[in-house]
Ligand code: IPE
Ligand code: IPE
Ligand code: MG
């Protein structure tokens with residue numbers, strides 16, 4: 001594999017971490033063991049992404065739809081999440097990483113929110129990678145929320161409909177402080193978006209691997225990034241136009 005070009009890294013990498021349950025079930029283990037092992041992969045990817053100079057890493061950790069899972073699994077996931085965040089904050093400080101959360105936080109248990117607030121506060125002035133966890137997140141719900149707030153602002157006379165642009169809509173989303181993802185990785189062989197960042201993924205390069213999340217390795221991450229670096233992003237233009245511009249491709 002050719003070495004990675006540090007100048008062609010995705011600015012924003014998003015990941016749908018999938019396959020924890022199947023990883024465990026294939027080994028006759030409880031699904032939660034898969035989630036625990038998945039948390040180890042999270043540590044590795046966070047560390048590697050930060051070392052590789054990726055500025056924004058966004059991880060889909062729990063979807064709006066995941067609330068429909070058995071209560072026991074949901075509870076175990078929340079406990080794991082809380083543990084992960086409180087244990088990892090020291091490492092985030094050492095690696096200059098800033099925490100960020102997107103999703104409907106009002107649906108999360110109070111103790112999870114509390115832990116999260118502490119971690120966000122503690123890492124707030126870090127200047128390295130921004131690690132965004134998507135928790136109780138759904139793309140449609142986010143867009144719906146944005147529409148409600150936009151409509152309220154129009155009704156209150158703060159905004160006219162003529163001012164509604166794509167940039168304005170961006171500013172009403174949970175991701176208003178993040179650039180759109182350049183690259184999306186989904187593990188476990190599923191080839192779908194599952195309600196993740198629907199608006200923001202408009203021009204994102206997509207990558208799917210059969211590997212379940214707990215088995216995802218540094219090598220696989222590098223292989224995925226090498227694939228990203230080999231692509232030409234055209235944003236609706238022709239290949240010739242991109243070449244003339246000296247390659248607008250990737251980052
Ligand atoms: C991803 O693994 C973690 C979450 C969605 C919380 P899954 O739990 O979806 O694993 P599979 O898809 O059942 O294997
Ligand atoms: C997507 O995985 C959500 C997260 C990774 C948190 P799911 O396992 O919930 O997705 P579906 O249900 O297979 O589409
Ligand atoms: Mg799944």
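In our numbering, the protein residues as written are 1 to 251. We put the beta carbon where it would ideally sit given N, CA and C, even for glycine.
**Report entry** Supposed contact pair residue 179 and residue 307 - C-beta distance, whole angstroms, cut 8 Å
**Finding:** In this structure the chain extends from 1 to 251, so residue 307 is not present and cannot be described.
Report task. For the segment 120-128 and the segment 83-99, state whether three or more C-beta atom pairs, one from each stretch, are separated by less than 8 Å. Result -> yes
Query - Which listed residue (234, 189, 159, 43) has its alpha carbon closest to that of residue 205 - result: 234
Query raised in the report: Does the beta carbon of residue 124 fall short of 8 Å from some heavy atom of ligand 5?
Result: Ligands present in the displayed structure are limited to ligand 1, ligand 2 and ligand 3, and ligand 5 is not among them.
Query raised in the report: How would you write the range of the alpha helix (DSSP H) that residue 123 sits in, first residue to last?
Result: 110-123
Query raised in the report: Got a sec: does ligand 3 put a non-hydrogen atom nearer than 8 Å to the Cβ of residue 174?
Result: no
Query raised in the report: Where the beta carbon is closer than 7 Å to any heavy atom of ligand 3, which residues qualify, in chain order?
Result: 18, 19, 21, 188, 190
Requested in this report: Examine ligand 1 and report whether any of its heavy atoms sits within less than 8 Å of the Cβ of residue 177.
Outcome: no
Requested in this report: Using the Cα positions of residue 174 and residue 240, report the straight-line distance between them to the nearest angstrom.
Outcome: 36 Å
Query raised in the report: With contact counted as at least three CB pairs below 8 Å, one residue from each stretch, are the segment 193-210 and the segment 26-34 in contact?
Result: no
Query raised in the report: Residues bridged to residue 137 by DSSP?
Result: 63
Requested in this report: Please report the residue range of the alpha helix (DSSP H) in which residue 167 lies.
Outcome: 166-171
Query raised in the report: For residue 212, does the count of other Cβ atoms within 10 angstroms reach 16, so buried, or fall short, so exposed?
Result: buried
Requested in this report: Could you tell me which of 76, 10, 132, 182 sits nearest to residue 54, measuring between CA atoms?
Outcome: 10
Report task. Whole angstroms is fine: what's the gap from residue 43's alpha carbon to residue 139's? Result -> 25 Å
Report task. Check whether the Cβ of residue 76 sits closer than 8 Å to any heavy atom of ligand 2, and report yes or no. Result -> no
Query raised in the report: Leaving out the 5 sequence neighbours to the left and right, which residues in its chain are closer than 6 Å to residue 119 when beta-carbon positions are compared?
Result: 85, 89, 99
Report task. Would you check whether ligand 1 has a heavy atom nearer than 8 Å to the C-beta of residue 255? Result -> The chain is shown only over 1 to 251; residue 255 falls outside these bounds and no answer can be derived.
Query raised in the report: Between residue 197 and residue 181, what straight-line distance do the alpha-carbon atoms span, to the nearest angstrom?
Result: 9 Å
Query raised in the report: Which residues bound the alpha helix (DSSP H) around residue 218?
Result: 218-229
Report task. Kindly indicate which residue of 75, 70, 176 has the alpha-carbon position closest to the one of residue 101. Result -> 176
Query - Endpoints, the alpha helix (DSSP H) within which residue 49 is located - result: 31-51
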